[in-house]
Amino acid sequence: MKSLLAITMAALMVLSFVSVASAADSVEIRGPVYNATDFSTGPATWTVNAQNFAGFWYDIDDGKSSETLVITASETNDDRKLVDDTDSLVYTAAIQGGIAPEFNFSKEDDVNTALTYQKIGFLAEEYVPLVEDDASMLTKLLMDDDEDYTMRTGESLELGEGYALTPKQIDVDGNKVWLEITKDGEFVDDAVISTSDADKEEKTWYYEQEVLGEDVVTLIVHVDEVFQGQVDSLCVIEGIWQISDDAMEIEVDDEFGKMIVTQVGTSVEMKLDESITLDEDDTYDLMEDLSFVVADDSANLRFYLAKTITEPGTYEVRGTVIESPSGVNTWTANGETAFAGFWYDLDEDETSETLNVWGVSDGDRKINDDPVELNYTTTLISGIAPEFNFSKEDDVNTALTYQKIGFLAEEYVPIVEDDASMLTKLLMDDDESYTMRTGQSLELMEGYALTPKQIDVDGNKVWLEITKDGEFLDDAVISTSDADKEEKTWYYEQEVLGEDVVTFIVHVDEVFQGQVDSLCVIEGIWQISDDAMEIEVDDEFGKLIVTEDGTSKTIVMELDESITLDEDDSYELTEDISFKVADNTSVLRYYPFVEKTVDGEGPVVEEPVEEPVEEPVEEPVEDGNETVNETVEEPVEEPVEEPVEEPADEPVPGFEAVFAIAGLLAVAYLVRRN
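Structure, rendered in structure tokens:
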């Protein structure tokens with residue numbers, strides 16, 4: 001029994017890493033930068049709208065949007081206060097009509113007329129009014145999808161908020177499918193849908209519910225066809241539109257964050273209900289996911305509106321929309337025509353990248369390569385301070401700064417000072433605190449990890465080890481004594497492209513004795529990639545070709561392949577940067593964008609994996625001619641067949657751990673029996 005208990009406890013210790021906490025990743029969508037020095041001569045207004053802020057809803061095809069946030073500067077650069085009960089901050093969101101869904105649905109009562117609906121951007125989310133021209137009752141738009149879904153009988157298509165759609169039966173000969181709607185597994189409704197072209201009006205299901213006392217169509221599903229596959233009968237669903245059945249009512253004096261509703265009608269107006277002082281190096285939650293991010297600059301007021309996204313997924317970060325272009329259109333990270341995908345240092349008001357396009361118009365959509373009508377430039381920026389206040393390696397009293405460059409909407413560091421021809425990606429710049437015990441590992445980027453091997457509280461020291469993909473690289477003993485300030489930081493150096501480069505900096509703040517273990521606190525991590533790239537003239541990046549390689553701090557690239565901005569299309573300029581064009585033949589409307597992914601992963605502290613503790617095996621003790629304890633034979637292991645995994649729709653969290661424990665208990669039982 002002791003053996004069984006020991007193995008069981010060991011199994012639980014091995015599995016302890018399953019529930020470790022991780023730092024969630026996020027995407028920040030940045031609005032235009034408010035710089036008070038631009039308004040130093042007196043009051044002025046600063047407007048954030050959907051054209052210059054990708055956080056607000058925008059319909060590029062029709063050029064429609066809802067939301068506007070207007071700041072009125074009351075005094076000069078010295079005034080950092082936004083005052084409540086005034087017009088210093090006014091937000092409006094207006095209903096927009098004539099919005100076409102992604103799929104070309106017909107109206108429910110008129111199969112020959114395309115369906116349109118009203119929509120409103122509110123608090124940087126997309127909503128639909130329950131009653132026409134009335135913004136006082138809004139429900140969230142959950143799905144607007146024109147993808148094809150080929151399904152067999154019994155398969156379920158997950159929709160928003162727990163809803164699912166399931167074909168119960170498919171009649172290929174009769175061109176019919178019996179569909180069922182469920183919510184959280186419970187039956188809601190069903191319908192038989194005809195897919196015959198002769199019954200065009202029957203191919204779409206308009207599912208209606210009562211929401212806030214109103215009868216509202218909350219789900220529209222179009223079934224394109226049914227057909228016989230090699231094995232099963234199949235149906236093709238093409239076109240889904242869904243709104244939430246949980247709406248909200250908006251009334252005057254309702255509060256959303258620091259804003260209060262002042263008017264409701266065909267639009268919602270809100271004003272500041274709580275004064276804000278925009279102190280340097282701070283973030284102020286305004287409402288929902290919207291906040292003001294303020295520069296760490298006591299002399300100059302500089303800030304922007306930001307939307308922070310933490311939900312896993314891929315998101316578009318776009319630049320200012322250009323409509324009916326003429327002359328030269330220029331995107332920078334912080335200019336009047338801004339591109340939030342470009343790197344920008346708010347504290348220092350520094351940026352690298354510029355994208356110029358000229359020679360295009362409503363009538364001429366072609367961006368030529370000869371003569372060149374598009375170029376991209378980026379320049380090294382000096383004096384960039386890391387998030388943590390590191391000291392220079394050879395001068396503990398001088399703050400560390402480094403050079404940085406935005407390159408194709410990513411952040412890079414030069415290998416050699418003042419030379420942008422050899423660049424490596426900036427992976428981490430982190431001033432978070434991580435409290436760790438001996439044996440725990442802090443996962444960094446590109447397979448690197450940091451582990452305290454021993455912690456000496458009395459001696460104010462910690463022995464750290466750095467590994468890559470589990471293989472030992474280096475170790476160091478770090479002193480955390482204030483008397484040895486220069487020893488508290490580890491500057492790890494590697495050879496990159498033939499140059500000796502510090503690729504990793506970590507600062508150990510302190511060591512201390514916890515209730516059970518000795519602990520160390522790591523605060524401050526900076527890491528660059530050990531895999532750098534060289535840039536030379538005539539190198540190609542997508543449709544761009546290098547004309548200046550960066551040896552003089554600046555990289556210049558020009559269009560090497562002409563682009564025609566056809567309506568309703570996207571064009572990759574480089575691997576990361578693309579143009580999106582409106583579905584409009586008469587007006588050229590387009591913008592640059594990059595895609596950012598939230599994967600929910602960040603620096604992770606893993607628990608140490610403890611090996612199972614084996615119980616000592618008793619030797620047989622002979623008493624006269626009798627053997628008291630039989631000799632313990634080694635158990636004969638039966639060959640273990642690898643399980644054949646059946647395909648699963650979704651993994652069920654936690655069951656892997658249960659199966660692992662059950663397996664170990666089974667092994668323990670066999671050992672005990674033998």
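Numbered per the working numbering, the sequence shown finishes at 674, counting up by one with no gaps. All C-beta atoms, glycine included, are put in the ideal place defined by N, C-alpha and C. Predicted model, so just to flag it, every value in this text is computed and none were measured.
*asked:* Tell me the residue span of the beta strand (DSSP E) that contains Thr554.
replied: For the purposes of this step, residue 554 is taken as the residue at position 554 of the sequence shown. Unbroken beta strand (DSSP E) run through Thr554: 554–559.
*Could you pull out every residue in the same chain whose Cβ sits closer than 6 Å to the Cβ of Gly683, ignoring the five residues on either side in sequence?*
What is shown of the chain runs 1 to 674, which leaves residue 683 out entirely.
_Using a 10 Å radius around the Cβ and a threshold of 16 neighbouring Cβ atoms, would you call Phe292 buried or exposed?_
In the sequence shown, the residue the question calls residue 292 occupies position 292. Buried: at least 16 other Cβ atoms inside 10 Å.
_Is it the case that the region 395–412 contacts the region 420–435, given that we only count it when at least three CB pairs across the two stretches are under 8 Å?_
yes
*asked:* Closest to Asp436 by C-alpha separation, out of Glu417, Val128, Thr451, would be which residue?
replied: Counting from 1 along the sequence shown, the entry for residue 436 is found at position 436. According to the sequence provided, residue 436 is Met. The question's Asp does not apply to it. The shortest Cα separation from Met436 among Glu417, Val128, Thr451 belongs to Thr451.
*Residues of its chain near Gln263, where Cβ-Cβ distance is below 6 Å and the 5 sequence neighbours each way are ignored*: Translated into positions along the sequence shown, residue 263 becomes position 263. Closer than 6 Å at Cβ, skipping near neighbours: Glu269.
*Could you have a look at Glu288 and say whether DSSP puts it in helix, strand or coil?*
Position 288 of the sequence shown, counting from 1, holds the residue named residue 288. Reduced to three states, the DSSP call for Glu288 is coil.
_Three-state secondary structure assigned by DSSP to Glu197_ = By one-based count along the sequence shown, residue 197 stands at place 197. Correcting the residue type first, residue 197 is Asp in the shown sequence and not Glu. If DSSP states are grouped into helix, strand and coil, Asp197 belongs with the helices.
_Cβ-Cβ distance between Glu155 and Thr166 below 8 Å_ = Translated into positions along the sequence shown, residue 155 becomes position 155. Translated into positions along the sequence shown, residue 166 becomes position 166. The answer is yes: Cβ separation under 8 Å.
_Three-state secondary structure assigned by DSSP to Ala483_ = Taking the first residue of the sequence shown as 1, we reach residue 483 at position 483. The answer is helix: DSSP assigns Ala483 an H, G or I state.
*Would you mind sorting Glu638 into buried or exposed? The rule is 16 or more other CB atoms within 10 Å of its CB.*
The count along the sequence shown starts at 1 and reaches residue 638 at position 638. With a pLDDT of only 41 at Glu638, under 50, the local geometry of the prediction cannot be trusted, and the value read off the model is given with reservation. It is exposed - the Cβ of Glu638 has fewer than 16 other Cβ atoms within 10 Å.
*Can you have a look at Pro616 and say buried or exposed, based on whether 16 or more other CB atoms are within 10 angstroms of its CB?*
Reading the sequence shown from its first residue, position 616 is the one you call residue 616. Reliability fails at Pro616, whose pLDDT of 45 lies under 50, so the model's placement of it is uncertain and the value that follows must be treated cautiously. Per the 10 Å Cβ criterion, exposed.
_Meets three-Cβ-pair contact criterion under 8 Å: the region 491–503 and the region 350–362_ = no
*Flag this pair as touching only if the region 509–525 and the region 459–477 have three or more C-beta atom pairs under 8 Å; answer yes or no.*
yes
*Grouping DSSP H, G and I as helix and E and B as strand, with all else coil, what is Glu202?*
What you label residue 202 is simply residue 202 of the sequence shown in a count that begins at 1. Helix, per DSSP.
*Can you give the beta carbon distance from Leu588 to Ser324, rounded, assuming they're within the 8 Å contact cut?*
Position 588 of the sequence shown, counted from the first residue, corresponds to residue 588. Position 324 of the sequence shown, counted from the first residue, corresponds to residue 324. The pair is a contact, with the Cβ atoms about 6 Å apart (cut-off 8 Å).
*What whole-angstrom Cβ distance do Met287 and Lys258 have, given they're in contact under 8 Å?*
Indexing the sequence shown from 1 puts residue 287 at position 287. Indexing the sequence shown from 1 puts residue 258 at position 258. Yes, they are in contact, since the Cβ atoms of Met287 and Lys258 sit about 7 Å apart, within 8 Å.
_Near the ligand HEM: Asp560 beta-carbon under 7 Å from a heavy atom_ = The model on display carries no ligand, and the ligand HEM is accordingly not part of it.
*Would you check if the distance between the CB atom of Asp569 and the CB atom of Val594 is smaller than 8 Å?*
Along the sequence shown, one-based indexing puts residue 569 at 569. Along the sequence shown, one-based indexing puts residue 594 at 594. Cβ distance not < 8 Å, so Asp569 and Val594 don't count as in contact.
*the region 57–66 / the region 222–229 touching (three or more Cβ pairs under 8 Å)*: no
_As an exercise, report each continuous beta strand (DSSP E) stretch of at least 3 residues that is fully enclosed by the region 309–336, in chain order._
313–318, 328–332
_Buried or exposed, going by whether 16 or more other CB atoms sit within 10 Å of the CB of Ser421?_
Counting from 1 along the sequence shown, the entry for residue 421 is found at position 421. Label assigned to Ser421: buried.
*What is the DSSP secondary structure of Ala54, counted as helix, strand or coil?*
The residue you call residue 54 lines up with position 54 of the sequence shown. Here Ala54 sits in coil by DSSP.
*Please classify Ala582: does DSSP put it in a helix, a strand, or coil?*
Taking the first residue of the sequence shown as position 1, residue 582 is located at position 582. Three-state result, Ala582: coil.
*Locate the beta strand (DSSP E) running through Asp430, then write down its first and last residues.*
Sequence index remark: in the sequence shown, residue 430 carries index 430 (1-based). Note, Asp430: beta strand (DSSP E), 419–437.
_Local Cβ density within 10 Å of Gly459, reported as buried at 16 or more and exposed below that_ = Counting from one through the sequence shown, the residue named residue 459 turns up at place 459. Exposed, because fewer than 16 other Cβ atoms sit within 10 Å of the Cβ of Gly459.
*Sort out for me which residues DSSP pairs Asn35 with in a bridge.*
As a position in the sequence shown, residue 35 is number 35, starting the count at 1. Arg302, per the DSSP bridge assignment.
*asked:* Pull the bridge partners of Asp110 from the DSSP assignment, please.
replied: Sequence index remark: in the sequence shown, residue 110 carries index 110 (1-based). Asp110 pairs with Lys107.
_Proximal residues to Thr547 (C-beta, below 6 Å), its chain only, five neighbours per side dropped_ = Taking the sequence shown and counting its residues from 1, one reaches residue 547 at position 547. Within the same chain, Thr547 has close Cβ partners Val556, Glu558.
*Would you decide whether Thr699 is buried or exposed? Buried here means 16 or more other CB atoms lie within 10 Å of its CB.*
For residue 699 there is no data in the structure shown, the boundaries of the chain being 1 and 674.
_Distance, Glu186 Cα to Glu180 Cα_ = Here residue 180 corresponds to residue number 180 of the sequence shown, with the count starting at 1. Here residue 186 corresponds to residue number 186 of the sequence shown, with the count starting at 1. The alpha-carbon atoms of Glu180 and Glu186 are separated by roughly 10 Å.
*Inter-stretch contact at 8 Å, needing at least 3 Cβ pairs: the region 234–250 / the region 206–226*: yes
*Taking all protein chains shown into account, decide if Pro129 is buried (16 or more other Cβ within 10 angstroms of its Cβ) or exposed.*
The residue given as residue 129 occupies position 129 in the sequence shown. Answer is buried; the Cβ neighbour count reaches 16.
*According to DSSP, is Pro643 helix, strand or coil?*
Counting from one through the sequence shown, the residue named residue 643 turns up at place 643. Bear in mind that the predicted position of Pro643 carries a pLDDT of just 40, short of 50, making it unreliable; the figure below should be weighed with that in mind. Three-state result, Pro643: coil.
*Asp189 versus Thr182 - alpha carbon distance*: The sequence position of residue 189 within the sequence shown is 189, counting from 1. The sequence position of residue 182 within the sequence shown is 182, counting from 1. The straight-line gap from Cα to Cα measures roughly 7 Å.
*Identify the continuous beta strand (DSSP E) that holds Glu510 and give its terminal residues.*
Within the sequence shown, the letter at position 510 stands for residue 510. First-last of the beta strand (DSSP E) with Glu510: 499–513.
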